[in-house]
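See structure below.
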Amino acid sequence: MSEPKISVGIDVGTECIKVAVVNDQGVLLGNSIVARRGYFQDRVSEAFPIALDDAQVSEGDLAGICATGFAENCVPMASTFLGDAACHALGAFHHHQKAMCVIDIGGRDPKAIQVDDQGRPTGIQTLRRCAAGIGTFLIFAARHLDVHPSHLQEMAGRTDESCEVGSYCSMFSGQDILEKLREGVSRESVALGCINSIADRVIEIGRFTDPVFVTGGVAEYFPGVLTAIANKTGNHVEAIPQPILAGAVGAALWVFQEQNHPLSQIGENR
Amino acid sequence: MKIVIVGAGALGGLVGAQLAAGGEDVTLIEINEARTQLLNETGLFVAEGNKGETCVPVKVATSVEGLPVADLVFVSVKTYQTEPALRACLPVIGPDTFVLSMQNGIGNTDTMAEIIEPRQVLSGITYHSIQHVGPNRIRYRPGIKPIQIAPYDGKVTPEILAVGEVFRKAGLNTEVAEQIDNVIWQKLLHNAVVNPVSALTGLTCRELLDDPHLQDFMRDLCMEIIAVMKARGVPIVDEEDPYRPVVGSQKALGKNRPSMWQDLARSYRTEVDAINGAVVREAEKLGLDAPHNRGLVNFIHSRENVSFLRKQEVAATLRAAARNGDENGAPGAAPQKRSAQALRPIRPAPGGGMPDSRVPLETAPKLKKLITGYYRDLQEARNDPARPVAWCSGTGPVEILRALGLAVYFPENHAALIGASRQSGLYIPRALQEGFSQFANSAMASDIGAMLEGDSPLVSVHDIEGPPPPDVLAYNTNYGNELIRWFEYYGRHFDKPVLGLHPSTSLNEVGELEVGAATLQILQMVENLEKHFDRKLDYDKLAEVVRLSNKCNRLWGEILELCRQVPSPLTFFDTLIHLAPAIIMRGTPEAVEYYTLLKAEVQDRVANGMAAVPGERFRFYWEGPPIWPALRPLADLFLNHKVAVVGSTYCSIAALPGIDPKNPIESMAGVYTGIFHNRSDAWKEDHLVTAFNDFGVDGVIYHEGRTTPSQSNVRYGLEVRLGRRTGLKALVLEGDTHDLRLFSMNQVMQKLRDFIEIQELAAGAGESRAKG
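For the record, the sequence lines run as chains S and V. So the mapping is simple: our numbering equals the position in the first sequence, first residue as 1, plus 104. So the mapping is simple: our numbering equals the position in the second sequence, first residue as 1, plus 422.
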């Protein structure tokens, strides 16, 4: 019997649980995305078999399972762990094998990760503020605007007129939305204001060097954020294919990489 | 078999652990109390080469008192301690007890045979190479040849064979022989040639081999010993070239250093008298001369004098201080009777408290004693109307206050204790009721809130009634203006005068103008204090306090400098714990004595290559104040990722060089005005660039404390400017010194982990990293 050549990455984010099944060539064989509600572990148990089923593999076929994300500790079947910044870098490089700046925009705080032409992450910048609440803010804004989060982008796309929504604090921004609605501003215009507010928070991280590739759930569901970042910075900004799965794919790829170069050996014997 | 091992050093520890693991009834005797306690609590960690460690539970006592008569006493003390150690063990030596020595050199069994029956004396030899890698850790390489045991009188009995059997059963490859004198001489030859030369030059065996000059000398030295051996009738292993086997053993030992080097590095007495000294004595008996050996004995003794005697002097002072302390009722005094004003204790919340070092310092228990002594003395002062109490800021005019005979208390240290106990959240809301903003200094808010609630960590930690109320309060704004409000609040609360020093700030240079202004301010403060307490400042006393303060600061600075070594002997978290005396006991002899000992231990760690973070892979610098309530999780995170935080701005505050007893006031004015926090951004940048370089760091963590703007230099772009200058990777943590509600600890931990992982991946798998 040959060694199993399939691995799984499970990215347990604050808003969604993402599972990716890949083979050692990096081909995505199957995946699942489950919205988080209640306990993380319950949703992990739900998402994991769906992805295996999607890939038509069974647990016995797996070389390993890597967990990442906010609640990686809620993955009892994990054989290894890697932080989500590193996973997003691996996931993005997998699609575009060149030096790049990866911006991960998920449920919580966004981060920028520099990756060299060998796929090695070389640096990371994060936002300094306490509660950026990027994706979570958009979900909460959708509730104020009485649309399903997946339709917020569509709503914003119907106008060019953005209203001003603050970017300092999610609570203050929520207040801004309510004030605009009180003044009778169109919901489309407020939706676009929210998208732009997210872009404002992201560009506070610092200057990005092209090419910029975006990963994470926001890139998946709110692509207007990318356009706004590109307009505000002049950068070439592009989402990777299936950006929401980047962390899970990166985690799955790590299972193979770690077999050759475990972190525990890096930097030893210097 | 009942076995008593006298001396739990490298050899005693290893043999004791092996025999204990083999099921024998083993008791180790170790006179160092701290070490005895540590070994009983943690067991002894033993590793063979680079294989994994095994923890062997061991029974350790400081004397043989209460132990039954033993079947075997294994003497593994230094050769010069053989006689007193054996005499101390006489209560457990019965007529059928064997006493075995595997010590270095010759003459040990002769000494023993003068005290007990020669038939009870066994001599032994081992080729194990054993090194201490921590107070409770040893690493060894098994000998190339088996352990040999022989009776002193040459008569092998079944009982002696049984001793050999016990050793074999414990996994120690052992043979019993009729006599091993010849073998002992062969080992002596090696030790006498290699040990002193390595100890004096500091070179490893491999480096000795590469040095033709030393090889030349060592060959002559070897031939001198061979002449003595021949005259004594000892067979020579390699008649053709007697030096060849010594070369072979140097090759085999490679990067190892002999015990004599270890002893000198740790300021211990060496065994040179039983090694080269024995050769000299033997040569004299045989009418030969051994000038090389005699010379080496003198050189080694000279080196011992330099370090060892000084260490003995310090230990004697400490013992004297401890005796005085007992007489004065502190430390170790009976708990004080609580008065009506006594505060309630603050106990740490889960996850709070100071972090434990993975590798405990032997000096650590002394720290607790020292600080308790300090606080108990404050309690005495509180009860004694003749001893007024001054509250002082950490980098305030403590020398003046002490010289005036005031007992000095530091609210900042108290606040740090509350923060580290993770209980600030209970007290800050109380302070907010006094009208403080949630962004007011949280150390102040914690301290004031706890006082208003009537709680203090001093009650549970040091068993006193709480902070002694002040008769006067004195601060210096060099560490930040927040102190003004903090001290003024207490001034109003206790209705006592508040005196402040307000040096010029944001300085590039501390020039005449600044020193002059600060000097005048200090003189003004002295005048006010003299008036208030109706006593005169004794300038001789001030000079003495300043002398002690300077010594303390210098020692602390030297200890921090030792962390430049790779691997670092201490981390930021260790230095945070050991910083307290430099702040609250500056200007006392006790602080000087404590740091003298601590420095010796840290030097010892450096000499032995002992790492505070085992397997150190990355070195970080911590800029900004500590996050007191999160020290434990942070220390664990760094440790698990094998990151040593080797330097910090915070702990280097107390390394204030240049206070001069000959010119106390003016030198204090200059030094206290020139501390890091009182400097310009340009000066701070230059200073940090030098520090990053000196400590050889791979990355920098900047902590921005939300309520400590004066200590959070990163608020105005410091990390970006330094990043451009140094290219070092940096991470900014938004946090706070005390208030956990102002930030997300989860976010801080996640950011740190991402930062470290990215560095790990950037380092490149399998590639070796260049330092710096």
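Idealized CB from N, CA, C, for every residue including glycine. If you're wondering where the values come from, they're calculated on a predicted model, not measured in any experiment.
Would you say V:VAL578 and V:ALA584 are within 9 Å of each other, going by their C-beta atoms?
Taking the second sequence and counting its residues from 1, the one referred to as residue 578 of chain V is at position 156. Taking the second sequence and counting its residues from 1, the one referred to as residue 584 of chain V is at position 162. No, the pair does not count as a contact, with Cβ atoms beyond the cut-off.
Secondary structure at S:CYS170, three-state DSSP: helix, strand or coil?
On the first sequence, residue 170 of chain S is found 66 positions in, with the first residue counted as 1. DSSP places S:CYS170 in strand when its eight states are reduced to three.
Over the uninterrupted beta strand (DSSP E) stretch that includes V:HIS1125, give me the two end residues.
Residue numbering aside, residue 1125 of chain V sits at position 703 when the second sequence is read from its first letter. Looking at the DSSP string, the run of the beta strand (DSSP E) that includes V:HIS1125 is 1121-1127.
Tell me which residue opens and which closes the beta strand (DSSP E) that S:LYS215 is part of.
Position 111 of the first sequence, counted from the first residue, corresponds to residue 215 of chain S. From DSSP, the beta strand (DSSP E) with S:LYS215 extends over 215-219.
Going along the chain, which residues of its own chain have a beta-carbon closer than 7 Å to the beta-carbon of V:PRO889, five neighbours each way excluded?
To locate residue 889 of chain V, count along the second sequence from 1; it is residue 467. The residues are TYR831, HIS836, SER878 and LEU880.
Pairing CB atoms from the region 438-452 of chain V with CB atoms from the region 460-476 of chain V, are three or more of them under 8 Å?
yes
Exposed unless 16 or more other CB atoms sit within 10 angstroms - verdict on V:ARG760
For the purposes of this step, residue 760 of chain V is identified with residue 338 of the second sequence, where counting begins at 1. At V:ARG760, the pLDDT of 45 sits below 50, so the modelled position is not reliable and the matter cannot be decided from this model.
Beta strand (DSSP E) containing V:TRP1050: first to last residue?
If you number the second sequence from 1, residue 1050 of chain V lands on position 628. Counting along the chain, V:TRP1050 falls outside any beta strand (DSSP E), and DSSP gives it neither H nor E.
What residues are listed by DSSP as bridge partners for V:ARG1101?
Here the question's residue 1101 of chain V lines up with position 679 in the second sequence. Answer by DSSP bridge pairing, in chain order: V:LEU929.
Go to V:LEU998, then tell me how far its alpha helix (DSSP H) extends in each direction, as first and last residue.
Position 576 of the second sequence, counted from the first residue, corresponds to residue 998 of chain V. V:LEU998 -> alpha helix (DSSP H) spans 994-1000.
Neighbourhood of V:VAL491 by C-beta distance below 6 Å, restricted to the same chain and skipping five residues each side
One-based indexing of the second sequence puts residue 491 of chain V at position 69. VAL514 and GLY516.
Determine the chain S residues that contact V:ALA1033 at a beta-carbon separation under 7 Å, and present them in chain order.
What you label residue 1033 of chain V is simply residue 611 of the second sequence in a count that begins at 1. Those do not exist, as V:ALA1033 stays about 12 Å from chain S at its closest Cβ, beyond 7 Å.
May I have the straight-line CA-CA distance separating V:VAL894 from V:LEU800, to the nearest angstrom?
The residue given as residue 894 of chain V occupies position 472 in the second sequence. The residue given as residue 800 of chain V occupies position 378 in the second sequence. Each residue's Cα considered, the two are about 14 Å apart.
Pull the bridge partners of V:ASN898 from the DSSP assignment, please.
Indexing the second sequence from 1 puts residue 898 of chain V at position 476. Paired residues: V:LEU923.
Say whether the region 338-357 of chain S touches the region 120-134 of chain S, bearing in mind that this needs 3 or more beta-carbon pairs closer than 8 Å, one atom from each stretch.
yes
Look at the alpha carbon of V:GLY816 and the alpha carbon of V:LEU441, and state the distance between them as a whole number of angstroms.
For the purposes of this step, residue 816 of chain V is taken as residue 394 along the second sequence, with counting starting at 1. For the purposes of this step, residue 441 of chain V is taken as residue 19 along the second sequence, with counting starting at 1. Each residue's Cα considered, the two are about 52 Å apart.
Proximal residues to S:CYS191 (C-beta, below 6 Å), its chain only, five neighbours per side dropped
As a position in the first sequence, residue 191 of chain S is number 87, starting the count at 1. The answer, listed in chain order, is THR172, GLY351, GLY354 and ALA355.
Under 8 Å by beta carbon: chain V residues contacting S:GLY227
Position 123 of the first sequence holds residue 227 of chain S. LYS1151, ILE1180 and ALA1184, listed in chain order.
For a contact defined as C-beta to C-beta under 7 Å, what are the partners of V:VAL1154 on chain S?
Looking up residue 1154 of chain V in the second sequence gives position 732. Simply ARG232.
Residues sharing a beta bridge with V:HIS1109, DSSP
For the purposes of this step, residue 1109 of chain V is taken as residue 687 along the second sequence, with counting starting at 1. According to DSSP, V:HIS1109 bridges with nothing at all.
Could you spell out the range, first to last residue, of the beta strand (DSSP E) harbouring S:MET204?
Mapped onto the first sequence, residue 204 of chain S falls at position 100. Note, S:MET204: beta strand (DSSP E), 204-208.
Output yes if chain V places a C-beta closer than 9 Å to the C-beta of S:LEU357; else output no.
As a first step, residue 357 of chain S is located in the first sequence; it is residue number 253 there, counting from the start. No, S:LEU357 does not count as interfacial toward chain V.
Can you check whether the CB of V:LYS424 is closer than 9 Å to the CB of V:ASP532?
Translated into positions along the second sequence, residue 532 of chain V becomes position 110. Translated into positions along the second sequence, residue 424 of chain V becomes position 2. Not closer than 9 Å, so no.
Identify every run of the alpha helix (DSSP H) within the region 789-869 of chain V, keeping only runs that are complete inside it and at least 4 residues long; order them along the chain.
820-825, 833-842 and 846-854
Proximity of V:LEU1282 and V:GLY1121 at Cβ, strictly below 9 Å
Outside the shown range of chain V, which is 423 to 1194, sits residue 1282 of chain V, and nothing can be said about it.
Name the one or two DSSP bridge partners that S:GLN117 has.
As a first step, residue 117 of chain S is located in the first sequence; it is residue number 13 there, counting from the start. Looking at the sequence provided, one finds Gly at residue 117 of chain S rather than Gln. Partner(s): none; S:GLY117 has no beta bridge.
If you measure from the beta carbon of S:ASP221 to each beta carbon in chain V, is any gap under 9 Å?
Taking the first sequence and counting its residues from 1, one reaches residue 221 of chain S at position 117. No - not a single Cβ of chain V is within 9 Å of the one on S:ASP221.
Starting from V:GLY913, trace the alpha helix (DSSP H) both ways and give me its first and last residue.
Sequence index remark: in the second sequence, residue 913 of chain V carries index 491 (1-based). Element bounds for V:GLY913: 904-916.
Would S:ILE121 and S:ILE169 be called neighbours here (beta carbons separated by less than 9 Å)?
Residue 121 of chain S sits at position 17 when you count from the first residue of the first sequence. Residue 169 of chain S sits at position 65 when you count from the first residue of the first sequence. Taking 9 Å as the Cβ cut-off, S:ILE121 and S:ILE169 do not qualify as a contacting pair.
Give me the DSSP bridge partner(s) of V:PHE496.
Reading the second sequence from its first residue, position 74 is the one you call residue 496 of chain V. Answer by DSSP bridge pairing, in chain order: V:ILE427 and V:LEU522.
Would DSSP call V:VAL578 helix, strand or coil?
Here the question's residue 578 of chain V lines up with position 156 in the second sequence. V:VAL578 falls in the coil class under three-state DSSP.
Alpha carbon of S:GLU119 to alpha carbon of S:GLN160, nearest angstrom:
Position 15 of the first sequence, counted from the first residue, corresponds to residue 119 of chain S. Position 56 of the first sequence, counted from the first residue, corresponds to residue 160 of chain S. Spanning the two alpha carbons is a distance of roughly 26 Å.
Is there a C-beta anywhere in chain S that falls below 9 Å from the one on V:PHE1177?
Here residue 1177 of chain V corresponds to residue number 755 of the second sequence, with the count starting at 1. Yes, V:PHE1177 counts as interfacial toward chain S.
How many whole angstroms separate the CB atoms of V:HIS550 and V:TYR562, which I take to be in contact at a CB cut-off of 8 Å?
Counting from 1 along the second sequence, the entry for residue 550 of chain V is found at position 128. Counting from 1 along the second sequence, the entry for residue 562 of chain V is found at position 140. With a Cβ gap of about 5 Å, V:HIS550 and V:TYR562 count as contacting.
Limits of the unbroken alpha helix (DSSP H) element including V:TYR961
In the second sequence, counting from the first residue as 1, residue 961 of chain V sits at position 539. Unbroken alpha helix (DSSP H) run through V:TYR961: 961-984.
If you compare alpha carbons, which of V:PRO810, V:ALA842, V:VAL968 and V:VAL701 is closest to V:PRO891?
The count along the second sequence starts at 1 and reaches residue 891 of chain V at position 469. Closest option to V:PRO891, Cα to Cα, is V:PRO810.
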